[in-house]
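Residue numbers (the numbering used here): 21 to 366.
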């Protein structure tokens, strides 16, 4: 890991480890076997003599365990992160004297900054939301430092930026660019958010109609940005990309962006079960958050290449730059994992 990737996960208790290991209840046997291998490999490392005695109720997982006992682990699987590694369960992994002393000030600072975030979402005046000077001042007040690397790789023509997703404030990186972008958001978010037209970054709902509308280059000249993972991780790995951006992939160049975040005290600005308000609070709580965005070389679909293969190559390019693995988990499976964890917690 480079110095920019300071988001490391805290030690997880055995009960939470059981939650993640029980992902076999949530998806097909392919993920079951993958998680079983990860679970058993950790058991072998610490309790080699008890490994084969582990009893797991699911028939699928027991079958997967039997396969692992008979066959050696493939080397490539060692780099594939588990759900337990990429989704944290607590915001503050470890208290320190400096963090305890800072806490009252951090709560006050977070309250002010969160109010400012709401104001920014509601405001639709170009002198505030589409002005270089105003944006620079706002980023300083919000405690966001954005560093772009290899900006020369961004095409001068219309394109699609795709990046990994780490914090509630990741879009601030786009406000630092002179170009206007359309960022696609969940259709479940309030309609009011998509009605602002004077922001450096406009938020549009990711509906079939919008996708179809944006493919018409004659009607739109703004470039597009997406988080293909659909969910945030802690930076230790990535979840599977969705193929949504391939609706533009045959007509526009795809520009991968590898995003890193640095947060003081190793605070996790989001956890597996935290909501947006909690994520924004911890993002605003710390004195400063540094976002480092590295632009990679534009990619285009090769002749005869399928959509799935191209999406996989784009994600592997980002993962290689970050030095992380890609988990065998989708954004929908994360939602199922949240429900599973919530049931056990209660």
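Glycine included, each C-beta is placed from N, C-alpha and C at the ideal position.
Using the three-state DSSP reduction, which class does residue i fall into: helix, strand or coil?
{"i": "residue 258", "result": "strand"}
{"i": "residue 55", "result": "A caution first: residue 55 carries a pLDDT of 44, below 50, which makes its placement in the model unreliable, though a value can still be read off. The answer is helix: DSSP assigns residue 55 an H, G or I state."}
{"i": "residue 165", "result": "strand"}
{"i": "residue 150", "result": "coil"}
{"i": "residue 339", "result": "helix"}
{"i": "residue 283", "result": "coil"}
{"i": "residue 99", "result": "helix"}
{"i": "residue 180", "result": "strand"}
{"i": "residue 313", "result": "strand"}
{"i": "residue 191", "result": "coil"}
{"i": "residue 333", "result": "helix"}
{"i": "residue 85", "result": "Confidence at residue 85 is low in this model, with a pLDDT of 37, below 50, so the placement of that residue is unreliable and no value is reported for it."}
{"i": "residue 354", "result": "helix"}
{"i": "residue 134", "result": "helix"}
{"i": "residue 123", "result": "helix"}
{"i": "residue 359", "result": "helix"}
{"i": "residue 364", "result": "helix"}
{"i": "residue 105", "result": "helix"}
{"i": "residue 239", "result": "coil"}
{"i": "residue 288", "result": "coil"}
{"i": "residue 160", "result": "helix"}
{"i": "residue 128", "result": "helix"}
{"i": "residue 142", "result": "helix"}
Go to residue i, then tell me how far its beta strand (DSSP E) extends in each direction, as first and last residue.
{"i": "residue 115", "result": "Here residue 115 belongs to no beta strand (DSSP E), and DSSP marks it neither H nor E."}
{"i": "residue 222", "result": "221-225"}
{"i": "residue 204", "result": "201-205"}
{"i": "residue 246", "result": "243-246"}
Would you please state the rounded distance, in angstroms, between the beta carbons of residue i and residue j? I believe it to be under 8 angstroms.
{"i": "residue 195", "j": "residue 242", "result": "The pair is not a contact, with the Cβ atoms about 14 angstroms apart (cut-off 8 angstroms)."}
{"i": "residue 199", "j": "residue 351", "result": "Going by Cβ atoms, the distance from residue 199 to residue 351 rounds to 27 angstroms, so no, they are not a contact pair."}
{"i": "residue 179", "j": "residue 315", "result": "Their Cβ separation, rounded to whole angstroms, is 11 angstroms, which puts residue 179 and residue 315 out of contact at 8 angstroms."}
{"i": "residue 103", "j": "residue 304", "result": "So it is not a contact: roughly 27 angstroms between Cβ atoms."}
{"i": "residue 234", "j": "residue 268", "result": "7 angstroms"}
{"i": "residue 258", "j": "residue 165", "result": "That belief does not hold up - the Cβ atoms of residue 258 and residue 165 are roughly 23 angstroms apart, past 8 angstroms."}
{"i": "residue 385", "j": "residue 120", "result": "With the chain represented from 21 up to 366, any question about residue 385 goes unanswered, as that position is not in the structure."}
{"i": "residue 149", "j": "residue 143", "result": "6 angstroms"}
{"i": "residue 279", "j": "residue 311", "result": "7 angstroms"}
{"i": "residue 112", "j": "residue 186", "result": "Residue 112 to residue 186, Cβ: 17 angstroms. No contact."}
{"i": "residue 101", "j": "residue 344", "result": "7 angstroms"}
{"i": "residue 126", "j": "residue 309", "result": "Not a contact, Cβ separation roughly 12 angstroms."}
In the DSSP assignment, what are the bridge partners of residue i?
{"i": "residue 326", "result": "Partner(s): none; residue 326 has no beta bridge."}
{"i": "residue 213", "result": "DSSP, once it has assigned bridges, lists no residue as partnering residue 213."}
{"i": "residue 319", "result": "274"}
{"i": "residue 345", "result": "257"}
Applying the 10 Å Cβ sphere with the 16-neighbour rule, what's the burial state of residue i?
{"i": "residue 93", "result": "Low per-residue confidence applies at residue 93: pLDDT is 40, beneath 50, and the placement is therefore not dependable, though the value from the model is reported in the following sentence. Counting Cβ neighbours within 10 Å, residue 93 comes out exposed, since fewer than 16 surround it."}
{"i": "residue 117", "result": "exposed"}
{"i": "residue 124", "result": "exposed"}
{"i": "residue 302", "result": "buried"}
{"i": "residue 90", "result": "Because residue 90 carries a pLDDT of 45, less than 50, the predicted location of this residue cannot be relied on, and the following value inherits that uncertainty. Answer is exposed; the Cβ neighbour count stays below 16."}
{"i": "residue 108", "result": "buried"}
{"i": "residue 290", "result": "buried"}
{"i": "residue 72", "result": "With a pLDDT of 39 at residue 72, under the threshold of 50, the modelled position of this residue cannot be trusted; read the value that follows with caution. The residue in question, residue 72, is exposed, as its Cβ has fewer than 16 Cβ neighbours within 10 Å."}
{"i": "residue 55", "result": "Caution applies to residue 55, whose pLDDT of 44 falls short of 50 and renders its modelled position unreliable; the value that the coordinates give is listed next. The residue is buried, with at least 16 neighbouring Cβ atoms inside 10 Å."}
{"i": "residue 294", "result": "buried"}
{"i": "residue 288", "result": "buried"}
{"i": "residue 147", "result": "exposed"}
{"i": "residue 359", "result": "exposed"}
{"i": "residue 128", "result": "exposed"}
{"i": "residue 240", "result": "exposed"}
{"i": "residue 66", "result": "Summary for residue 66: the model assigns pLDDT 40, below 50, so the residue's position carries little reliability; its value from the coordinates is reported in the next sentence. Exposed, since its Cβ has fewer than 16 Cβ neighbours within 10 Å."}
{"i": "residue 299", "result": "buried"}
{"i": "residue 70", "result": "Its pLDDT being 39, under 50, residue 70 is placed unreliably in this model, and the value from its coordinates should be taken loosely. It is exposed - the Cβ of residue 70 has fewer than 16 other Cβ atoms within 10 Å."}
{"i": "residue 313", "result": "buried"}
{"i": "residue 114", "result": "exposed"}
{"i": "residue 253", "result": "buried"}
{"i": "residue 161", "result": "exposed"}
{"i": "residue 296", "result": "exposed"}
{"i": "residue 364", "result": "exposed"}
{"i": "residue 354", "result": "buried"}
{"i": "residue 133", "result": "buried"}
Hey, could you find the ends of the alpha helix (DSSP H) residue i is sitting in?
{"i": "residue 171", "result": "Residue 171 -> no alpha helix (DSSP H), and no H or E assigned at all."}
{"i": "residue 230", "result": "228-234"}
{"i": "residue 296", "result": "296-305"}
{"i": "residue 266", "result": "266-269"}
Cβ of residue i less than 8 angstroms from any chain D Cβ?
{"i": "residue 291", "result": "No chain D appears in the structure shown, which is made up of a single protein chain."}
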